[in-house]
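Q: Sharing a structure below in structure tokens format, with a few things to ask.
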Amino acid sequence: MTVLVALTDDNRLVSFDSSNPGQTTPIAVTGIEGTLLGVDTRPANGLLYGLTTANNLYTIDPSSFDDGTFTGTFTLTDEEEALLRNNNLYVNLHTQNFNGGELRGQINVPTGGNIAVTGLPIQESQEVGNVVPPDSPATGSFDVNYDDATNRLTISGTFDNLTSSLFPVGPAADAEGNSRSAIHIHNGVAGQNGPIIRSLTTSDGVATLASTLSQPFEGGTISGFDFNPAADRLRLVGDNDQDFRINVDTGAVIVDGTLAFAPGDVNAGINPNVTASAYTNSFAGTTSTQLYNIDTLLNTLVLQNPPNDGILVTVGELGLDFDTLGGFDIASSPNGSNTAFAASNSMLYTVDLATGTATNVGMIGDDANLNLQGLAVVDPLTGDFVFDPAQYLASNLDLAGVFGFDLAAANQHYLQFGINENRPVDTFDEVRYLASNQDLIGVFGFNPEFATEHFVRFGAAEGRSTTSFNPVSYLNNNADLQAFFGNDLDAATQHYVQFGFAEGRIV
């Protein structure tokens with residue numbers, strides 16, 4: 001299975017399996033300035049990066065649409081406090097598939113004094129009158145704290161297994177200046193709709209600013225965008241013949257040779273029009289790679305060799321009329337296989353790197369008018385071993401003390417030294433860490449990635465335990481779980497984090 005993410009011309013991502021491109025999952029990209037020009041997976045850390053018209057580079061998590069956290073702290077008016085104490089407020093979560101709200105939870109709290117309520121459920125429920133979401137695993141919960149002396153209300157919660165990405169709605173800013181969001185506090189009793197009172201901040205945000213280009217790119221949406229897996233640098237080329245080599249951590253740009261066909265090439269003297277690019281051997285640790293481009297005016301596959309000089313060599317004709325906007329990427333594995341995919345208009349193709357011939361795979365989604373301008377493989381390493389730099393740091397605290405949570409540095413250390421030193425790469429048990437620190441369950445829910453990051457950034461220095469939770473004791477104290485799980489200690493630990501803690505089970 002090869003999972004791909006395609007970039008549309010209206011700032012959306014759609015993910016799909018290359019064997020079934022008609023079945024897509026929409027991903028709204030929020031938290032960015034400008035319009036996305038291209039996306040690609042960085043082999044060094046496995047993260048998806050995107051560049052916008054504002055010359056900003058962002059990391060994008062294409063899987064983050066289905067889970068995340070939300071929070072907000074507000075000062076209520078006396079009227080709003082009355083609504084709170086009368087259970088006239090609710091939390092509503094809006095998604096792409098269910099704009100009216102996929103999850104809703106009533107804020108049911110005591111009537112007097114300070115308030116501290118945990119584990120309030122948010123369940124599948126639309127705004128009244130909208131289509132009810134399908135029966136799916138989508139769920140969530142939230143905590144409520146209210147300081148009666150200051151009228152300060154704090155809401156924090158988690159959600160997971162959404163059917164689609166969050167869908168921001170409502171005013172540009174609420175009464176306290178909080179920006180438009182997909183999760184809000186509304187005024188309304190159970191079973192009734194009501195207006196937005198406050199906007200909550202969500203963690204899924206999808207996009208996080210990484211850097212800004214030191215020199216502006218002027219190629220616009222008609223551009224090629226791909227990571228060199230050997231040098232760990234981003235290649236950016238445009239139909240205006242610009243040729244950039246970029247350090248995505250700093251935004252530093254090196255301007256390489258202007259694109260031009262090689263003397264003696266069949267297309268020598270013709271001005272190239274490169275709008276899509278991809279490197280072979282796209283996995284961490286490779287020492288060799290080649291850069292291929294698609295020229296959309298000539299409808300040909302070309303090899304850029306050497307890449308830094310911008311010299312183009314024609315490989316062959318695609319055999320189709322490739323749109324000026326399009327996407328191109330190569331799925332690679334350490335055994336040497338390279339499978340090239342291209343997207344044009346709404347269609348997915350494979351491309352023979354030896355001849356240039358494109359073969360139709362099928363329509364992406366069900367919209368024949370869909371225009372695609374980017375394509376990225378999001379599982380770049382298809383071998384049995386997937387290196388996780390965050391786990392590597394958590395498993396080697398001496399490195400965490402040196403690098404902090406610098407994933408790129410961790411990846412580089414592993415390649416240069418860690419392999420030869422036989423360092424552990426995956427010994428940190430993030431689920432047991434959560435189970436051993438119940439306060440983190442309230443913050444992160446069942447989110448192993450957040451748990452690993454917390455341990456590296458804070459937990460180790462704080463002396464937090466990673467082993468105090470005893471799954472054997474948990475099973476012995478809960479006969480129903482022992483009957484269900486038997487001696488599966490990992491399953492028992494996960495159950496406690498996901499359900500047992502909230503249920504108040506004995507550990």
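Per the UniProt record's numbering: the sequence shown = residues 1 to 507.
The C-beta atom is built at its ideal place from N, Cα and C for all residues, glycine as well.
For clarity, every value in this text was computed on a predicted model and none was experimentally measured.
(1) Name the residue from P448, S282 and A175 whose alpha carbon lies nearest to the alpha carbon of A376.
(2) When you compare each of F16, H454, G68 and A479 to L200 by their alpha carbons, which one comes out closest?
(3) Measure the CB-CB distance between D66 and Q373 and report whether it falls below 7 angstroms.
(4) Quick one: is I122 buried, meaning 16 or more other Cβ sit within 10 Å of its Cβ, or exposed?
(5) Assuming L48 contacts I60 (C-beta within less than 8 angstroms), just tell me the rounded distance between them.
(6) What is the DSSP secondary structure of A276, counted as helix, strand or coil?
(7) Tell me whether the beta-carbon of N55 lies closer than 7 angstroms to the beta-carbon of T275.
(8) Leaving out five residues before and five after T296 in sequence, what residues of the same chain have Cβ atoms less than 6 angstroms from its Cβ?
(9) For S395, does the three-state DSSP call read helix, strand or coil?
(10) Specify the secondary structure class of T493 as computed by DSSP and reduced to three states.
(11) Is there at least one non-hydrogen atom of the ligand HEM closer than 6 angstroms to the beta-carbon of R423?
(12) So for L51, helix, strand or coil by DSSP?
(13) Please name the residue or residues paired with G170 in a DSSP beta bridge.
(14) Does the Cβ of I254 have 16 or more other Cβ atoms within 10 Å, making it buried, or fewer, making it exposed?
(15) Taking only the alpha-carbon atoms, compute the straight-line gap between P380 and L320 and give it to the nearest angstrom.
(16) From the DSSP output, which residues share a beta bridge with S211?
(17) Within 10 angstroms of the Cβ of F225, are there 16 or more other Cβ atoms? Answer buried if so, exposed if not.
(18) I'd like to know if the region 179-192 and the region 143-151 are in contact, where contact means that at least 3 CB-CB pairs between them fall below 8 angstroms.
(19) Can you check which of these residues, A343, Y414 and S436, is closest to S15 by C-alpha distance?
(20) Please report the straight-line C-alpha distance between residue 516 and L93, rounded to a whole angstrom.
(21) At which residues does the beta strand (DSSP E) containing F244 begin and terminate?
(22) I need the boundaries of the beta strand (DSSP E) containing I311, first residue and last residue.
(23) Tell me the rounded alpha-carbon separation between A82 and F328.
(24) Exposed or buried, V472, counting other C-beta atoms within 10 Å across all chains shown (16 or more means buried)?
(25) Bridge partners for Y90 per DSSP, in chain order?
(26) Pick from G46, G50, V117 and F484: whose alpha carbon is nearest that of L7?
(27) Distance, Cα to Cα, V169 vs G100?
A: So, from the listed chains and residues:
(1) S282
(2) G68
(3) no
(4) buried
(5) 5 angstroms
(6) Annotated three-state conformation of A276 is strand, per DSSP.
(7) no
(8) The residues are N273, T275, F322 and T324.
(9) helix
(10) helix
(11) The ligand content of the structure shown is nil, which means the ligand HEM is not present either.
(12) strand
(13) Beta-bridge pairing links G170 to no other residue.
(14) Exposed is the label assigned to I254, since fewer than 16 other Cβ atoms lie within 10 Å of its Cβ.
(15) Note that P380 scores a pLDDT of 41, beneath 50, so its modelled location is shaky; the value from the coordinates is reported in the next line. Rounded to whole angstroms, P380 to L320 spans 27 angstroms at the Cα level.
(16) L57
(17) buried
(18) no
(19) A343
(20) Any question about residue 516 goes unanswered here, given that the chain covers just 1 to 507.
(21) D243 to I246
(22) I311 to E317
(23) 56 angstroms
(24) exposed
(25) For Y90, which the question treats as bridged, DSSP gives the partners Q106 and H186.
(26) G50
(27) About 9 angstroms.
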